[in-house]
Amino acid sequence: MRSLLTVHDLSRYDRESVVERAVFLRDRLDGGHAIDNALGEFTVGNVFFEPSTRTQLSFDLAAQHLGARVLNLNVSSSSTSKGESLRDTVETVSAIGVDMLVARHSDRGSMRSIHEWTARPVINGGEGSYAHPTQALLDAVTLVRHFGTLDGLSVGIIGDLAHSRVASSLYRLLPDLGAKVFQIGPPEFLSDEIDADQVADLASVLGDLDVVYLLRVQRERGAEISDSYVESYQLNGDRFRSLRDDAVVMHPGPVNRGVEVTSEVLDNARCLVLDQVANGVPTRMAVMEWALSG
């Protein structure tokens, strides 16, 4: 088995194969068809040291669809709350008898450390502001299912890119699959670590985008929401109506209604947020199969 710590762990062939497999699995799930028990003899441990709804639940269900037993660590009631270190916690979970770990943690480098400490395959369920590879993959799956391809798509990511692990992984993945990506926002929210065009004036590019990808402002990582930010970058009804007729809106969640986006936009049929959530399960199934195949 092998680990998925960042998008870089996937070759170009792997990236395309995982996306293609996830599209197939989504169709199978929607049709009520049986799925191969690829993980029927395995136990998967979910160890999430940061809050999660979509990611943890979808990993849990993905593992169950593949026939695995699932062990969920409740960090708030675990020995971590008594001062146990990350290393001791994950080594304990590993020793209990899990074959694969899905982890989330606030510290950069934590995923590689967990892999080294436990000698278990690790799938990154979110690592600080550094990486969230399965979110990027499920977003690619969502775009392929909607547009048929990523080749030639123009994607504008708007918001707090400097603190976003989602943006970091998207910029490592989407261009390799053919999309042109822009980072859009005030200078303090843009990231020089991301190799993509920076745009401060949202109106100057809005009508050219196929995909508007919104990010929340991460106040838990020190970012602040100003009135000027909402005024300049919120995707409201008027800005939505200036988009191309076939352009779509995405958001990795959780969404702050009335901040980065209004309810009018979120409730529109061209907003793919819930489709992204639904694609999380088959995408994480495809990633687990990929890890097993190694």
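Per my numbering, the sequence shown starts with residue 158, numbered consecutively.
Here a beta-carbon is modelled for each residue, glycine too, at the ideal position from N, C-alpha and C.
Here the structure is a predicted model, which is why all the values come from computation and not from measurement.
Per DSSP, reduced to three states, the secondary structure at Met158 is coil, with no helix or strand assignment. Under the three-state reduction of DSSP output, Ser235 falls in the coil class, being neither helix nor strand. The segment 415-444 is shown to contain whole alpha helix (DSSP H) runs of 4 or more residues at 420-423, in chain order.
DSSP places Leu295 inside the alpha helix (DSSP H), whose first and last residues are 290-304.
The Cβ-Cβ distance between Ala426 and Arg178 does not fall below 7 Å.
For Asp402, no alpha helix (DSSP H) segment is defined, and its DSSP state is neither H nor E. Beta-bridge analysis with DSSP links His262 to Glu284. DSSP lists Arg226 as the bridge partner or partners of Thr200. Burial check for Ala225: the Cβ neighbour count within 10 Å reaches 16 or more, so the residue is buried. The C-beta distance from Leu423 to Arg414 rounds to 7 Å, short enough to fall under 8 Å. A residue is called buried once 16 or more other Cβ atoms fall within 10 Å of its Cβ, and Pro208, having fewer, is exposed. In the structure shown, Ile351 adopts coil according to DSSP, grouped into three states. Check the Cα spacing between His222 and each of Tyr287, Ser160, Ile192, Val201: the tightest is with Ile192. Under the three-state reduction of DSSP output, Gln340 falls in the strand class. For the pair Asp308 and Gly335, the CB atoms are nearer than the 7 Å cut-off.
In this structure, the straight-line span from the alpha carbon of Leu371 to that of Val301 is close to 18 Å. Taking C-beta atoms under 8 Å as the contact rule, Trp274 and Val247 qualify, at a distance of about 6 Å.
Judged by their CB atoms, Ala324 and Ile315 are not nearer to each other than the 7 Å cut-off. For Ser311, the secondary structure class from DSSP, reduced to helix, strand or coil, is strand. Around the beta carbon of Gly285, a 10 Å sphere encloses 16 or more other beta carbons of the protein chains shown; the residue is thus reported as buried. When rounded, the separation of the alpha-carbon atoms in Gly394 and Glu421 is 6 Å. It is roughly 13 Å from the alpha-carbon of Phe346 to the alpha-carbon of Ser389. Under the three-state reduction of DSSP, Leu318 is assigned to helix. Ranking Leu162, Val298, Cys428 by CA distance to the CA of Val406 puts Cys428 first. Inter-residue distance for Arg172 and His165 is about 10 Å (C-alpha atoms, whole angstroms).
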